[in-house]
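Presented below is the structure to which this report refers.
Numbering (my numbering), first residue to last: 7 to 596.
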């Protein structure tokens, strides 16, 4: 059968299992847009290529499948650089397809030419420039295989325009064989046995769980392992939902804005069972003082991560699911230490220093109150997406995540503007689930145009803007570390009017300025099922996000509230402590 390169591209995407493409057409990619009209693949016309990339990420976050985005050459391709970098940092499976100027024009500074392969080489798992139309099916098959296996990541396919218009045959490869690419998924039995022996001997072990557990779809197996050992668990920002928040052994999120119990458990442990993590600086703080008395078991699919930041006692290379399954079996074969006293000690820290805020009845609306009310409304179900900054930390701190793939955020890159397009992609991927984007007024203004996309496509989700009229996290740093010299951080209090902006984009616009208005607008927003709904929560502009480990400081220097460090006591007059989260007592398995 003779087809054009463009038709071969669409047929290849169909064979690879693509359900949806997020993209924007343009000159070089235009031939690929004609066969979309005859394809079962849904195309969603975004308003900016960055939004297309983040939407593909959101889709991948909540489905575990490869997200696909498409753009033209030159500025269309370069607008994908940010989401490609974001996907690379957070190990998100994504295939980005870009058009390129015709083969004869490459290198001649043709109109809208950019060396997108060279530009993105450091931020892609692999890149393919397709110079022969006959190679299109193989290129697509390889791209999807590489993006979704081993450590997931973004793959770029760059296709010159004349390759798309040339005639070719079509044959989908039955197998994918890539010389030199053979991810090691199965762990070495000797390393499993060594790790199990360390776990059995440890007195203060902690499970330090990262996003690799979610990428490996090992949440259920993790729960079995943790309950077999009976040790505390902390989940990083990228691992929220990998272990149920309501479980009595879960101590929350560690890191710069993590809970005191989670941070201190890592510091005081004698063994870290690190699963699918990369010892990120936002978790470790000052690396030299991180978990100083702990031996390290580090399991990861990417051998380059093991030992990169922290020396390891037992390295395990393998996919998280087989690693965790085999660890559970090995640990269960021998006698195990009783960790109940250690768990009680960590739980005591959790109870003494919970996440605290004070919402006065007639006082300014606290952003934490808004987040807590959304948590109550969702009941631990649904999907939560965030931008980056204070609101991101409050969402991770205060919302419950009991199911895997229920949380999507930008971790490693910290990309402002992630929330709105990622929420759109998440809703497309799981249309049956409610999707709430917790966003900041700064982040929202970077990608708000994708509300138009969602309204036109009838994609309903809620955007909760915690509007503190500033770049909140930047302002917090300026207050704490720059002598309150607020340089270029405040926004105009009335421009834009987020309600009117939402309505002009075809969305519903709501506003709340006091605590007694919050529940009603949340209820109304969650009831909208045919378009996005934006709520402008006008919150206390002076509120800061705690706990906090100052950048470059030791985790031992954690500040749990303004002026309160671990050796001191909180003043209940100014910082009342909410009732501790109720957790059922954990009874170790026999």
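Ideal placement from N, C-alpha and C gives every residue a C-beta, glycine not left out.
Query	Result
Given residue 350 as reference, the closest of 24, 320, 209, 565 once Cα atoms are compared	209
CB of residue 397 within 8 angstroms of CB of residue 265, strictly	no
For residue 416 and residue 474, the rounded distance between their alpha carbons	21 angstroms
For residue 159 and residue 131, believed in contact at Cβ under 8 angstroms, the rounded distance	3 angstroms
Segment limits, alpha helix (DSSP H) that includes residue 449	447 to 453
Neighbourhood of residue 103 by C-beta, 6 angstroms cutoff - its chain only, sequence neighbours within 5 removed	76, 163
Proximity of residue 247 and residue 412 at Cβ, strictly below 8 angstroms	yes
Runs of beta strand (DSSP E) lying entirely within the region 459 to 526, each at least 3 residues, in chain order	468 to 473, 514 to 518
Assigned exposure category for residue 374 - 16 Cβ within 10 Å defines buried	buried
Rounded C-alpha distance that separates residue 506 from residue 18	43 angstroms
Pairwise C-alpha distance: residue 315 and residue 366	44 angstroms
Secondary structure of residue 426, DSSP reduced to three states	helix
Counterpart residues of residue 165 in DSSP-defined beta bridges	105
Supposed close pair residue 661, residue 62 - CB separation, criterion 8 angstroms	A query on residue 661 cannot be resolved here, the shown segment of the chain reaching from 7 to 596 and no further.
Which of helix, strand or coil DSSP assigns to residue 404	helix
DSSP-derived helix/strand/coil call for residue 160	strand
Where residue 48 falls: helix, strand or coil (DSSP)	strand
Same chain, Cβ closer than 7 angstroms to residue 275, five either side skipped, listed in chain order	210, 211, 212, 297, 300
Residue nearest to residue 126 in terms of C-alpha spacing, selected from 182, 83, 110, 238	83
Residue environment, residue 39, which counts as buried when at least 16 other CB atoms sit within 10 Å	buried
DSSP beta-bridge partners of residue 173	10
Range of the contiguous beta strand (DSSP E) that encloses residue 28	26 to 29
Contact under 8 angstroms by Cβ, residue 222 with residue 282	yes
N- and C-terminal bounds of the beta strand (DSSP E) containing residue 241	239 to 241
Backbone CA spacing between residue 385 and residue 444 [nearest angstrom]	16 angstroms
Spatial distance of residue 187 from residue 565 (CA atoms)	45 angstroms
For residue 545 and residue 376, believed in contact at Cβ under 8 angstroms, the rounded distance	7 angstroms
Between the CA atoms of residue 269 and residue 378 - distance to the nearest angstrom	22 angstroms
Residue 423 to residue 452 span [Cα, whole Å]	5 angstroms
Proximity of residue 410 and residue 225 at Cβ, strictly below 8 angstroms	yes
Reduced DSSP secondary structure (H/G/I, E/B, other) of residue 69	helix
Backbone CA spacing between residue 581 and residue 72 [nearest angstrom]	With a pLDDT of 34 at residue 581, under the threshold of 50, the modelled position of that residue is not reliable, and no figure is offered here.
Start-to-end residues for the alpha helix (DSSP H) that takes in residue 306	First-last for residue 306: 301 to 306, but that is the beta strand (DSSP E), not the alpha helix (DSSP H).
Complete runs of the beta strand (DSSP E) confined to the region 314 to 338 [at least 3 residues]	320 to 323
Secondary structure, alpha helix (DSSP H): runs of 4+ residues fully inside the region 226 to 303	266 to 274, 287 to 290
Reference residue 441; option with closest CA among 429, 487, 447	429
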